[in-house]
Amino acid sequence: MDLGLNNNVAVVAGSSKGLGLATAKVLLAEGAKVVISSRDAANLHKAAENLGNPDNLLTIPADVTKKEDCDGLIQETVAAFNKLDILITNCGGPAPGNFEGLSDAQWDEAIDKSFKSNLYLIRAALPHLKKSETPSILTVTSFTTKQPLPNMILSNSIRSATIGLTKSLSFELGQYNIRVNSILPGWTLTDRVDALLANRAEIHHSSYEAEKASISADIPLNRMGDPMEFGRAAAFLVSPAASFVNGVMLNVDGGIYKGIY
1 MDLGLNNNVA VVAGSSKGLG LATAKVLLAE GAKVVISSRD AANLHKAAEN LGNPDNLLTI
61 PADVTKKEDC DGLIQETVAA FNKLDILITN CGGPAPGNFE GLSDAQWDEA IDKSFKSNLY
121 LIRAALPHLK KSETPSILTV TSFTTKQPLP NMILSNSIRS ATIGLTKSLS FELGQYNIRV
181 NSILPGWTLT DRVDALLANR AEIHHSSYEA EKASISADIP LNRMGDPMEF GRAAAFLVSP
241 AASFVNGVML NVDGGIYKGI Y
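Heads up: the sequence shown is residues 1 to 261, going by full-length UniProt numbering.
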């Protein structure tokens, strides 16, 4: 199936590793021109070496919690490729913890990373997306916005605000043919999930492997996801092949979410 991504220009934030890197890899394979970004220049360099395809790949270091970096990221993208068709707003998830154990500073940091970064990126990209023939925005949230997890109150609550933003923008931006969706990953084998499993093992006085096995047993497919499975779903959602998909919150979680809607 041709996703129709050839020569589309995509910015993938938070893409030096994990879900963002996997998504960039699929987009490049589908013929898109891709900008990967991260605040860690060394990781970004490693990612670019991993991806190859230098003619269609641009790396731009940026901290998406800073408005000026988001503005610069979009400006440099358009300067290099003369347009922007796809924006994927991804950022590392907030720390685990419970309500009484988290400080105001940790809440502020999580809001900057998991909510305000979306505002900054979308505002910067919007004038250029309005000029695109196939514009699309994809926010990356979590299945925990539908089925909250214990000890994950920052992610459970703040990413839910991003879901509200996504749905609202799908109404507001439809007049410009801009589709706005969110993708809700479940337990996928990334560095972040490794850290979360280690945290759970410490809390439960168990082991990494025991926690991984326990969670996998709660997933109907009886395993955690591979980042490329997420990347393929994300690439489809932002592609012209999904041209009538708008305002959707798509779980990519192996079925761990137990609700119907």
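C-beta atoms are modelled at their ideal positions from N, C-alpha and C, and glycine is treated no differently.
Does the contact criterion of 3 or more C-beta pairs under 8 Å hold for the segment 94–112 versus the segment 239–250?
Taking 8 Å as the limit for Cβ pairs, the verdict is that the segment 239–250 does not touch the segment 94–112.
Where does M1 land, buried or exposed, given buried means 16+ other C-beta within 10 angstroms?
exposed
Tell me which residue opens and which closes the alpha helix (DSSP H) that A22 is part of.
18–29
Below 8 Å, can you find three or more Cβ-Cβ pairs linking the segment 232–241 to the segment 164–177?
No: the two stretches stay apart, fewer than three of their Cβ pairs being nearer than 8 Å.
So what does V245 bridge to, in DSSP terms?
By DSSP's assignment, V245 forms no beta bridge with any residue.
Using CA atoms only, rank isn't needed, just tell me which of F99, E68, A234, E133 is closest to L84.
The option with the nearest alpha carbon to L84 is E133.
By the DSSP assignment, the alpha helix (DSSP H) with I203 in it spans what residues?
191–204
What is the DSSP secondary structure of N118, reduced to helix, strand or coil?
helix
Between Q147 and Y261, is the Cβ-Cβ spacing less than 8 Å?
no
Assess, as a yes-or-no matter, whether the segment 35–43 is touched by the segment 11–27 under the definition of 3 or more beta carbon pairs within less than 8 Å.
yes
Report yes or no: do three or more beta-carbon pairs, one from the segment 156–164 and one from the segment 112–120, lie closer than 8 Å?
Yes: the two stretches touch, three or more of their Cβ pairs being nearer than 8 Å.
Could you compute how far the alpha carbon of G14 sits from the alpha carbon of E100?
In this structure, the CA atom of G14 is about 29 Å from the CA atom of E100.
Here's the rule: buried if 16 or more other CB atoms are within 10 angstroms of the residue's CB, otherwise exposed. What is R179?
buried
How many Å lie between N90 and D104 at the Cα?
23 Å
Please state whether the Cβ-Cβ distance between V9 and T65 is less than 8 Å.
no
Would you mind listing the beta strand (DSSP E) stretches within the segment 79–140 that are 3+ residues and don't spill past its ends, in chain order?
86–89, 136–140
Going along the chain, which residues of its own chain have a beta-carbon closer than 6 Å to the beta-carbon of Y120, five neighbours each way excluded?
Same-chain partners within the cutoff: K67, C70.
Which residues does DSSP pair with I219 in a beta bridge?
Note: I219 sits in no beta bridge, so no partner.
By Cβ distance below 8 Å, which residues in the same chain neighbour V220 in space, the five residues on each side in sequence not counted?
Before going on, a small fix: residue 220 reads as Pro here, not Val. Answer for P220: G254, G255, I256, listed in chain order.
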